[in-house]
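**Student:** Here it is: the structure, laid out below.
There are 2 protein chains.
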Amino acid sequence: MSDLIADDSQQLIGGKIVRGESPLNLEMPFEKLEGFITPTESFYVRTHFPIPAIDRDAWWLHVEGEVESPFAINYEQFLKLKSVTIPVTLECAGNNRNFLQPKVKGVQWHLGAVGTAEWTGVPLSLLLDRAGVKANACEVILEGTDGGMLEDPKGPPGKLQFARSIPLEKARADVLLACKMNGSDLQPEHGFPVRAIVPGWYAMASIKWLQRIIVTDQPFAGYYQTIDYAYWKRRAQVGELTPLTEMQLKAQIAKPAEGETVPANSSVRVHGAAWTSNGEIAKVELSTDGGSTWNETNLLGEPQPNAWRLWEFNWQTPAAPGNQTLIARATDSLGRTQPVLRDADRGTYMINHLLPITVEVR
Amino acid sequence: MSDLIADDSQQLIGGKIVRGESPLNLEMPFEKLEGFITPTESFYVRTHFPIPAIDRDAWWLHVEGEVESPFAINYEQFLKLKSVTIPVTLECAGNNRNFLQPKVKGVQWHLGAVGTAEWTGVPLSLLLDRAGVKANACEVILEGTDGGMLEDPKGPPGKLQFARSIPLEKARADVLLACKMNGSDLQPEHGFPVRAIVPGWYAMASIKWLQRIIVTDQPFAGYYQTIDYAYWKRRAQVGELTPLTEMQLKAQIAKPAEGETVPANSSVRVHGAAWTSNGEIAKVELSTDGGSTWNETNLLGEPQPNAWRLWEFNWQTPAAPGNQTLIARATDSLGRTQPVLRDADRGTYMINHLLPITVEVR
Numbered sequence: 001m002s003d004l005i006a007d008d009s010q011q012l013i014g015g016k017i018v019r020g021e022s023p024l025n026l027e028m029p030f031e032k033l034e035g036f037i038t039p040t041e042s043f044y045v046r047t048h049f050p051i052p053a054i055d056r057d058a059w060w061l062h063v064e065g066e067v068e069s070p071f072a073i074n075y076e077q078f079l080k081l082k083s084v085t086i087p088v089t090l091e092c093a094g095n096n097r098n099f100l101q102p103k104v105k106g107v108q109w110h111l112g113a114v115g116t117a118e119w120t121g122v123p124l125s126l127l128l129d130r131a132g133v134k135a136n137a138c139e140v141i142l143e144g145t146d147g148g149m150l151e152d153p154k155g156p157p158g159k160l161q162f163a164r165s166i167p168l169e170k171a172r173a174d175v176l177l178a179c180k181m182n183g184s185d186l187q188p189e190h191g192f193p194v195r196a197i198v199p200g201w202y203a204m205a206s207i208k209w210l211q212r213i214i215v216t217d218q219p220f221a222g223y224y225q226t227i228d229y230a231y232w233k234r235r236a237q238v239g240e241l242t243p244l245t246e247m248q249l250k251a252q253i254a255k256p257a258e259g260e261t262v263p264a265n266s267s268v269r270v271h272g273a274a275w276t277s278n279g280e281i282a283k284v285e286l287s288t289d290g291g292s293t294w295n296e297t298n299l300l301g302e303p304q305p306n307a308w309r310l311w312e313f314n315w316q317t318p319a320a321p322g323n324q325t326l327i328a329r330a331t332d333s334l335g336r337t338q339p340v341l342r343d344a345d346r347g348t349y350m351i352n353h354l355l356p357i358t359v360e361v362r
Numbered sequence: 001m002s003d004l005i006a007d008d009s010q011q012l013i014g015g016k017i018v019r020g021e022s023p024l025n026l027e028m029p030f031e032k033l034e035g036f037i038t039p040t041e042s043f044y045v046r047t048h049f050p051i052p053a054i055d056r057d058a059w060w061l062h063v064e065g066e067v068e069s070p071f072a073i074n075y076e077q078f079l080k081l082k083s084v085t086i087p088v089t090l091e092c093a094g095n096n097r098n099f100l101q102p103k104v105k106g107v108q109w110h111l112g113a114v115g116t117a118e119w120t121g122v123p124l125s126l127l128l129d130r131a132g133v134k135a136n137a138c139e140v141i142l143e144g145t146d147g148g149m150l151e152d153p154k155g156p157p158g159k160l161q162f163a164r165s166i167p168l169e170k171a172r173a174d175v176l177l178a179c180k181m182n183g184s185d186l187q188p189e190h191g192f193p194v195r196a197i198v199p200g201w202y203a204m205a206s207i208k209w210l211q212r213i214i215v216t217d218q219p220f221a222g223y224y225q226t227i228d229y230a231y232w233k234r235r236a237q238v239g240e241l242t243p244l245t246e247m248q249l250k251a252q253i254a255k256p257a258e259g260e261t262v263p264a265n266s267s268v269r270v271h272g273a274a275w276t277s278n279g280e281i282a283k284v285e286l287s288t289d290g291g292s293t294w295n296e297t298n299l300l301g302e303p304q305p306n307a308w309r310l311w312e313f314n315w316q317t318p319a320a321p322g323n324q325t326l327i328a329r330a331t332d333s334l335g336r337t338q339p340v341l342r343d344a345d346r347g348t349y350m351i352n353h354l355l356p357i358t359v360e361v362r
């Protein structure tokens, strides 16, 4: 989709790194990680088309397809529905792509296409129950207002809307239709007036500028879960094109950052965040010697479902100056640990192998 | 996959037009169409990888997956199974691609990536029954011995085998595992020792150099039915990536050929072939004036399921010299007629809109 953008051309907009202007793609400098909640102004922005300018008085959300009573509601009606507020971590499926060797196409995200916000909205199950899902239904397609023409010769001709499906069971379980982010109305770049939040899944599923919810009786094979946002899953050694879904277990170091200088023979705070899907973070280990030895870090706060866990470690830096390689490694409550090496079947997505960074002790 | 090959570089091998040498792709010059059966030496050749050199004494065909009793048989055992002989028309899903404007990637087939042979082989149902298909099975994957590395960045990494799936119902109905073509053992380029014949489907499903039959309990999403050999099928206006299956209704003119000169004020035999899937050819019409008026042609022989029907028409050419545009149009027993215009959702495949050719009356 997007061409390679050199990592060193770090133009900033509002303190975020510009990874693309048209469509707009902005990354949080991950060394700015502080609290559990990412401030809205720091939250990364991922778009595929121009940001739709939606008039709240003209917006309708349609619920249709394999339902007994299709309906549409406007923004005023939507706001009257019972809402909940939950923290959810969203990560772009291509986060860390800039680390891949050799370079691959796609937005060259470093560490910051991830963030955690408090999302306020209406459970999707509430709208599904109101429409009355038919017995033959199996999936729910979420369709955004964003769309346009693709340049991809493998894509469908004509105008395409951004859309993605989720299994009905997941749709009923915990998907939220959010109208507030960190207590304020969604900003245009984050999906105003209403976006989906699909907890635990890569954020391509959390459709912004939501306009249609289509219940369907067969698996959806739209562009954004086949040609794009898919990977090769092996079954009996044979690769099958499979839509991306759940976020993969990962720990990232926020500080010190790649190339940073730290004082020798001192106590330096190393900190970052770690997240997984389904389970919770059990431990985060840190190596300061390129993976020879590992130290367990301190997990901060309390675990919350579908949100990252911050961690820190007090590093006693060596007395001798020189480069040191830092690596973080997460393990979750399901016993999973990050892979050491990249799995090529994942193409340009789901990057969660160990990512060493180098700092200079001086 | 393959790069554009100019149409005017008509290098010939064995009387066939070379559309690619590595992998080998050879087209029958369609003006050579004569009888109902295409001689083996004229039959088009489509390969994706080097032609496997298979020793008949070392070959095994495996039947596995969701079956009660997986087994393997060798060539000698295979030849002892009860066989049938049927004529089946095979057409490459990209046949006529050379007519598309603007030009698209892929082998630049003109009219001759189609042919009809007598295939002798064992019904797939016989092997499935012997293995005992489990109740949860839904598809049968056919895997060839041909394989290699892809250059497509969208493809799976590593070595890929050519493979395709068919629904269990179709697999049981009429799929043949052929060991003879027109009465002789298969030639290496046609899939020796055993290839599948999937009647009515584009030929990418008729896997050559068959090595494995895998019964599966979920739809297969391999490379050759997702990234390649797929099209955009619309459901409620939304395009979904869908594997190519059945051949589309089509009539082709063999003679006179594009650019040929015919005598003025004479009776000229126009002839060709027409085919469809499921139904049979009901009529073939010919226009000699660019589509203003249409004449019904004579259908030759008797209809045979899953095979083309030859047709002819005696054209009284005009007295005045000049160019004339000829168009053939087929209608089948299901009431379908060829579309006038190209459907862009089909990408580089399923080309069956009306294809005018120009001849010179002199």
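Going down the list, the sequences are from chains B and D. Numbered per this note's numbering, the first sequence spans residues 1 to 362. Numbered per this note's numbering, the second sequence spans residues 1 to 362. Every residue, glycine too, gets a C-beta built ideally from N, C-alpha and C. Just so it is clear, the structure is predicted and the values come from calculations on it, not from any experiment.
Determine whether the Cβ of B:ASN222 lies closer than 7 Å to any Cβ atom of chain D.
**Tutor:** On the first sequence, position 222 is the one that residue 222 of chain B refers to. Reading off the sequence, residue 222 of chain B comes out as Gly, not Asn. By this cut-off, B:GLY222 is an interface position.
**Student:** Measure from the alpha carbon of D:ILE54 to the alpha carbon of each residue in D:TYR223, D:THR145, D:GLU280, then state which is nearest.
**Tutor:** Indexing the second sequence from 1 puts residue 54 of chain D at position 54. Looking at the Cα atoms, D:THR145 is the closest of the given residues.
**Student:** Against chain B, which members of the segment 236 to 265 of chain D pass a CB distance test of less than 8 Å?
**Tutor:** Here the close residues are ALA236, VAL238, GLY239, GLU240, LEU241, THR242.
**Student:** Any beta-carbon of chain B closer than 7 Å to the one on D:TRP232?
**Tutor:** Numbered from 1 along the second sequence, position 232 holds the residue referred to as residue 232 of chain D. Closer than 7 Å: yes.
**Student:** Where does D:TRP275 land, buried or exposed, given buried means 16+ other C-beta within 10 angstroms?
**Tutor:** Counted from its first residue, the second sequence places residue 275 of chain D at position 275. Buried, because 16 or more other Cβ atoms sit within 10 Å of the Cβ of D:TRP275.
**Student:** As a quick exercise: from D:VAL88, D:PHE192, D:GLN218, pick the residue whose alpha carbon is nearest that of D:GLU209.
**Tutor:** The count along the second sequence starts at 1 and reaches residue 209 of chain D at position 209. Just to set this straight, residue 209 of chain D is Trp in the shown sequence, not Glu. Considering only D:VAL88, D:PHE192, D:GLN218, the residue with the shortest C-alpha distance to D:TRP209 is D:PHE192.
**Student:** Over what stretch of residues does the beta strand (DSSP E) that includes B:GLN211 continue unbroken?
**Tutor:** Against the first sequence, residue 211 of chain B aligns to sequence position 211. Residues 210 to 216.
**Student:** Using beta carbons (cut-off 7 Å, strictly below), is B:ALA344 in contact with chain D?
**Tutor:** Working through the first sequence from its first residue, we reach residue 344 of chain B at position 344. For B:ALA344, the answer is yes, since a Cβ of chain D falls inside 7 Å of its Cβ.
**Student:** Look at the alpha carbon of D:LEU24 and the alpha carbon of D:PRO50, and state the distance between them as a whole number of angstroms.
**Tutor:** For the purposes of this step, residue 24 of chain D is identified with residue 24 of the second sequence, where counting begins at 1. For the purposes of this step, residue 50 of chain D is identified with residue 50 of the second sequence, where counting begins at 1. One C-alpha to the other measures close to 8 Å.
**Student:** Can you tell me whether DSSP reads D:SER2 as helix, strand or coil?
**Tutor:** Taking the first residue of the second sequence as 1, we reach residue 2 of chain D at position 2. Its pLDDT being 40, under 50, D:SER2 is placed unreliably in this model, and the value from its coordinates should be taken loosely. It is coil, neither helix nor strand.
**Student:** Only counting runs of 3 or more residues, tell me where the beta strand (DSSP E) segments fall wholly within the segment 234 to 283 of chain B, in order along the chain.
**Tutor:** 238 to 243, 250 to 255, 267 to 275
**Student:** When you compare only the Cα positions, how much space is there between B:ALA205 and B:ARG269?
**Tutor:** Translated into positions along the first sequence, residue 205 of chain B becomes position 205. Translated into positions along the first sequence, residue 269 of chain B becomes position 269. Cα to Cα, B:ALA205 sits roughly 35 Å from B:ARG269.
**Student:** Could you tell me the distance, in whole angstroms, from the CA atom of D:THR293 to the CA atom of D:SER287?
**Tutor:** Here residue 293 of chain D is taken as the residue at index 293 of the second sequence, counted from 1. Here residue 287 of chain D is taken as the residue at index 287 of the second sequence, counted from 1. Each residue's alpha carbon lies about 6 Å from the other.
**Student:** Closest to B:VAL104 by C-alpha separation, out of D:PHE99, D:LYS154, D:PHE78, would be which residue?
**Tutor:** Within the first sequence, residue 104 of chain B is the residue found at index 104, counting from 1. The option with the nearest alpha carbon to B:VAL104 is D:LYS154.
**Student:** Nearest-angstrom Cα distance between B:GLU364 and D:GLY239?
**Tutor:** Summary: the structure shown does not reach residue 364 of chain B, with chain B confined to residues 1 through 362, and so no result is reported for it.
**Student:** Helix, strand or coil: how does DSSP classify D:GLN225 here?
**Tutor:** Translated into positions along the second sequence, residue 225 of chain D becomes position 225. In the structure shown, D:GLN225 sits in a helix (DSSP, three-state: H, G or I).
**Student:** Helix, strand or coil: how does DSSP classify B:GLN161 here?
**Tutor:** As a working mapping, residue 161 of chain B is identified with position 161 in the first sequence. Strand.
**Student:** Please tell me whether D:THR317 has its Cβ less than 7 Å away from any Cβ of chain B.
**Tutor:** For this step, residue 317 of chain D is matched to residue 317 along the second sequence. Taking Cβ atoms only, chain B never reaches closer than 7 Å to D:THR317, which makes this a no.
**Student:** Answer with buried or exposed for D:TRP308, where buried requires no fewer than 16 other C-beta atoms within 10 angstroms of its C-beta.
**Tutor:** Your numbering for residue 308 of chain D matches position 308 in the second sequence. Buried: at least 16 other Cβ atoms inside 10 Å.
**Student:** May I have the straight-line CA-CA distance separating B:ILE213 from B:ILE141, to the nearest angstrom?
**Tutor:** Here residue 213 of chain B corresponds to residue number 213 of the first sequence, with the count starting at 1. Here residue 141 of chain B corresponds to residue number 141 of the first sequence, with the count starting at 1. Distance between the alpha carbons of B:ILE213 and B:ILE141 is about 6 Å.
**Student:** How would you label B:LYS250, buried or exposed, when you count the other beta carbons within 10 angstroms and need 16 or more for buried?
**Tutor:** As a position in the first sequence, residue 250 of chain B is number 250, starting the count at 1. By the neighbour-count rule (16 or more Cβ atoms within 10 Å), B:LYS250 is buried.
**Student:** I need the straight-line Cα distance from D:GLU258 to D:TRP60, nearest angstrom please.
**Tutor:** As a position in the second sequence, residue 258 of chain D is number 258, starting the count at 1. As a position in the second sequence, residue 60 of chain D is number 60, starting the count at 1. About 46 Å.
**Student:** D:ILE5 to D:ILE73, Cα distance in whole Å?
**Tutor:** Position 5 of the second sequence holds residue 5 of chain D. Position 73 of the second sequence holds residue 73 of chain D. With a pLDDT of 44 at D:ILE5, under the threshold of 50, the modelled position of this residue cannot be trusted; read the value that follows with caution. Cα to Cα, D:ILE5 sits roughly 41 Å from D:ILE73.
**Student:** If we call anything under 7 Å between Cβ atoms a contact, is D:ALA113 one with D:VAL67?
**Tutor:** Taking the second sequence and counting its residues from 1, the one referred to as residue 113 of chain D is at position 113. Taking the second sequence and counting its residues from 1, the one referred to as residue 67 of chain D is at position 67. No. Outside cutoff.
**Student:** From D:LEU244 to D:GLY147, what distance separates their C-alpha atoms?
**Tutor:** Sequence index remark: in the second sequence, residue 244 of chain D carries index 244 (1-based). Sequence index remark: in the second sequence, residue 147 of chain D carries index 147 (1-based). Taking the straight line joining both Cα atoms gives about 20 Å.
**Student:** Less than 6 Å separating the Cβ of D:ALA221 from some heavy atom of the ligand SAM?
**Tutor:** What this structure holds is no ligand at all, so the ligand SAM is not there to describe.
**Student:** Pick out whichever of B:PRO303, B:ALA330, B:THR297 has its Cα sitting closest to the Cα of B:ASN450.
**Tutor:** This structure cannot settle anything about residue 450 of chain B, because the visible part of chain B is limited to 1 through 362.
**Student:** Is it buried or exposed for D:ALA319, if we count other Cβ within 10 angstroms and need 16 for buried?
**Tutor:** Here residue 319 of chain D is taken as the residue at index 319 of the second sequence, counted from 1. D:ALA319 should be labelled exposed.
**Student:** Where DSSP assigns a beta bridge to B:LYS16, which residues make up the other side?
**Tutor:** Your numbering for residue 16 of chain B matches position 16 in the first sequence. B:LYS16 pairs with B:ILE13.
**Student:** Give me the subset of the segment 135 to 155 of chain B whose CB atoms are less than 9 Å from a CB atom of chain D, sorted by chain position.
**Tutor:** ILE141, GLU143, PRO153, LYS154, GLY155
**Student:** Who are the near neighbours of D:MET1 in its chain, counting only those whose CB is closer than 6 Å to its CB and skipping five residues on each side?
**Tutor:** Residue mapping note: residue 1 of chain D aligns to position 1 of the second sequence, counting from 1. Low confidence applies to D:MET1: its pLDDT is 37, below 50, so where it sits in the model is not reliable, and the reading given next is rough at best. Result list for D:MET1: empty, nothing under 6 Å.
**Student:** Does DSSP put D:LYS170 in a helix, a strand or coil?
**Tutor:** The sequence position of residue 170 of chain D within the second sequence is 170, counting from 1. Helix.
**Student:** Run through the DSSP bridge pairs and tell me what B:TYR231 is partnered with.
**Tutor:** Taking the first sequence and counting its residues from 1, the one referred to as residue 231 of chain B is at position 231. Paired residue(s): B:THR242.
**Student:** Check the Cβ of B:PRO157 against every Cβ in chain D and list those closer than 7 Å, keeping chain order.
**Tutor:** Position 157 of the first sequence, counting from 1, holds the residue named residue 157 of chain B. Near B:PRO157 (Cβ distances below 7 Å), the residues of chain D are ALA344, ASP345.
**Student:** DSSP three-state label for B:GLU363, please.
**Tutor:** Outside the shown range of chain B, which is 1 to 362, sits residue 363 of chain B, and nothing can be said about it.
**Student:** Listed from N- to C-terminal order along the chain, which residues in the segment 157 to 191 of chain B have their beta-carbon within a distance smaller than 8 Å of any beta-carbon of chain D?
**Tutor:** PRO157, GLY158, LEU160, GLN161, ALA163
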